[in-house]
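Following: one structure in structure tokens, then a few remarks.
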Amino acid sequence: MFERFSADERAIEGLPVRLVIALVVGIASLSVMMNTLGGLTALGVTELDVKPQPEVVAEGSNEITVTVVTPKGEPVANATVVAKDGTATLSKIRPAKTGTNGKATLQLAPSLGPNQEEGTITLDVKPPAGGGYTDDRENTKLLVVSGSGQSS
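Numbering (this note's numbering), first residue to last: 318 to 469.
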């Protein structure tokens with residue numbers, strides 16, 4: 318009986334193929350498990366948003382105070398706020414860093430195009446390093462209205 322087994326070349330040839338398949342399946346399973354575990358740490362990351370004050374401004378020079386907040390409304394220190402063109406235009410990108418109270422002050426002079434009644438300025442956040450924060454979703458935008466379209 319043992320002689321037939323050792324003389325059968327098909328069993329010896331098939332064995333390495335089965336081992337390779339098992340190895341490939343094992344590595345694929347391990348990869349899926351590692352990605353799942355890596356995703357669990359991402360669940361502890363807090364998304365940030367901004368609260369501009371005032372929320373609506375006219376064209377021209379304006380001082381805007383932006384508070385970077387967590388979903389619970391808690392201020393976040395040492396975040397960088399970047400104001401840039403949305404549907405309204407800025408002469409250049411304006412960054413500012415938040416203080417311990419989570420507030421940053423920006424000097425902005427937005428302008429609108431011809432026949433444009435309103436537009437927006439985009440406010441992005443670069444979270445502080447090592448704080449467990451992220452800014453993946455769209456933030457609150459600053460609304461810019463034309464001087465002639467603004468009501469008192």
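Idealized CB from N, CA, C, for every residue including glycine.
All figures in this text were calculated on a predicted structure; none of them were measured in a lab.
By DSSP's criteria, residue i is part of a beta bridge. Which residues make up the other side?
{"i": "proline 369", "result": "Val383"}
{"i": "threonine 291", "result": "Because residue 291 is not part of the residues shown, which for the chain are 318 to 469, the question remains open."}
{"i": "lysine 420", "result": "Thr384"}
{"i": "valine 461", "result": "Val374 and Gly436"}
{"i": "arginine 454", "result": "Its beta-bridge partners do not exist; DSSP assigns none."}
{"i": "threonine 406", "result": "Ser428"}
{"i": "threonine 353", "result": "According to DSSP, threonine 353 bridges with nothing at all."}
{"i": "glutamate 364", "result": "Thr451"}
For residue i, which option in the options has the closest C-alpha, if you only look at C-alpha atoms?
{"i": "arginine 411", "options": "Ala339, Glu434, Ile381 and Gly430", "result": "Ile381"}
{"i": "glycine 403", "options": "Pro431, Ala339, Asp452 and Gly436", "result": "Gly436"}
{"i": "serine 463", "options": "Thr457, Pro427, Asp453 and Gly448", "result": "Pro427"}
{"i": "threonine 387", "options": "Asp453, Leu460 and Leu459", "result": "Asp453"}
{"i": "aspartate 366", "options": "Gly377, Pro392, Leu347 and Met350", "result": "Pro392"}
{"i": "valine 362", "options": "Thr406, Pro445, Ala339 and Ser408", "result": "Pro445"}
{"i": "valine 461", "options": "Val373, Val442 and Ala421", "result": "Val373"}
{"i": "valine 399", "options": "Leu347, Leu423 and Gly430", "result": "Leu423"}
{"i": "lysine 368", "options": "Leu407, Ile344, Ile438 and Val334", "result": "Ile438"}
{"i": "lysine 389", "options": "Lys401, Glu364, Thr397 and Ser346", "result": "Glu364"}
{"i": "alanine 394", "options": "Lys409, Gly416, Ala345 and Tyr450", "result": "Gly416"}
Buried or exposed: where does residue i fall if 16 or more other Cβ atoms within 10 Å of its Cβ makes it buried?
{"i": "leucine 440", "result": "buried"}
{"i": "valine 342", "result": "exposed"}
{"i": "serine 468", "result": "Any reading at serine 468 must be qualified, since the residue scores a pLDDT of 45, below 50, and its modelled position is unreliable; the value itself is stated next. It counts as exposed."}
{"i": "proline 333", "result": "exposed"}
{"i": "asparagine 456", "result": "buried"}
Give the range of the beta strand (DSSP E) segment to which residue i is assigned.
{"i": "lysine 414", "result": "411-414"}
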